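The sequence shown begins at 1 in this note's numbering and counts up by one. Yeah, the Cβ is synthetic: ideal placement off N, Cα and C, and Gly gets one too. What you are looking at is a predicted structure, and each value in this text was computed from that prediction instead of being measured.
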Amino acid sequence: MRSRPHGRRGHNRFTPVTARRHVCSTCSALRPVLPSRRAHHLLQDYAAALPDLVSLSSLGKSWEGRDIWLLTLTNQATGPDTDKPAFWVDGNIHAAELTACTACLYWLHALVTGYGAASDVGGQVRQLLDTRVVYMVPRLNPDGAELALADKPRHIRSATRPYPFD
């Protein structure tokens with residue numbers, strides 16, 4: 001019995017060229033949870049490949065000095081993000097909630113690949129990004145995520161910052 005590549009037959013396989021190392025070439029699915037450095041490279045790749053739709057900036061630093069990355073998704077040609085109604089999405093608020101980061105990255109990929117698609121979904125994505133802005137922080141707690149993704153993972157609920165009575 002021959003195994004078929006995973007993914008749906010004939011679905012959109014568009015991937016920004018530089019983001020391919022993070023995405024399955026067969027079905028455009030994101031690879032499993034990425035460490036902060038690789039996730040940052042993925043965000044940079046999307047911003048570089050689609051500068052009219054995606055911009056990347058740092059909200060600030062975590063307790064251990066890692067950047068907290070903000071993606072701004074909107075069609076810049078239809079107006080600046082500050083003039084449009086906004087939608088906020090974030091993930092990985094708590095240290096071990098890694099799947100929320102992956103869900104954010106999946107939605108990022110679905111938005112940028114759906115934007116140019118000639119389908120009902122593509123039209124909806126186009127309308128969303130032409131008239132609204134999506135602010136996305138896939139990993140709000142990069143320090144905790146790194147602990148959870150370490151070679152010898154540690155589970156903590158919140159952040160690596162010491163508490164007042166520790």
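### Message
Give the list of continuous beta strand (DSSP E) stretches no shorter than 3 residues that lie fully inside the stretch 124–154.
### Response
Listed in chain order, the beta strand (DSSP E) elements of length 3 or more contained wholly in the stretch 124–154 are 133–137.
### Task
May I ask you to report which of helix, strand or coil DSSP gives residue 103?
DSSP places residue 103 within a helical segment (H, G or I) once states are collapsed to three.
#### Entry: Span of the beta strand (DSSP E) around residue 60
Run containing residue 60: 54–61, per the beta strand (DSSP E) assignment.
### Message
Let me make sure I understand the geometry here. Which of 147, 149, 148, 143 has the alpha-carbon closest to that of residue 64?
### Response
When the alpha-carbon of residue 64 is set against those of 147, 149, 148, 143, the nearest one is in 143.
### Query
Among 140, 107, 93, 139, which one has its Cα closest to the Cα of residue 125?
Ranked by Cα distance from residue 125, the first of 140, 107, 93, 139 is 107.
### Query
Are the beta-carbon atoms belonging to residue 133 and residue 50 less than 8 Å from one another?
For residue 133 and residue 50, no; Cβs fall outside 8 Å.
### Task
Reducing DSSP to helix, strand and coil, say where residue 70 ends up.
If DSSP states are grouped into helix, strand and coil, residue 70 belongs with the strands.
### Query
In angstroms, rounded to a whole number, what distance separates the CA positions of residue 129 and residue 38?
Residue 38 has its alpha-carbon roughly 26 Å from the corresponding atom of residue 129.
### Query
Any idea what DSSP makes of residue 86, helix, strand or coil?
Residue 86: strand per DSSP, three-state reduction.
### Message
So, with DSSP's three-state summary, where would you put residue 42?
### Response
The answer is helix: DSSP assigns residue 42 an H, G or I state.
### Task
For residue 59, count neighbouring Cβ atoms within 10 angstroms of its own Cβ and tell me buried if that reaches 16, exposed if not.
Exposed, by the Cβ-count rule.
### Exposure label - residue 119; buried when at least 16 CB within 10 Å
The residue in question, residue 119, is exposed, as its Cβ has fewer than 16 Cβ neighbours within 10 Å.
### Query
Quick one, are the C-beta atoms of residue 43 and residue 71 less than 8 Å apart?
Their beta carbons are under 8 Å apart, which means residue 43 touches residue 71 by this criterion.
### Task
May I have the straight-line CA-CA distance separating residue 121 from residue 102, to the nearest angstrom?
As the crow flies, the alpha-carbon of residue 121 is around 21 Å from that of residue 102.
### Message
Measuring straight from C-alpha to C-alpha, what distance separates residue 45 and residue 94?
### Response
For residue 45 and residue 94, the gap between their C-alpha atoms comes out near 26 Å.
### Query
If you draw a straight line from the alpha carbon of residue 111 to that of residue 55, how long is it in whole angstroms?
Residue 111 and residue 55: Cα-Cα distance of roughly 14 Å.
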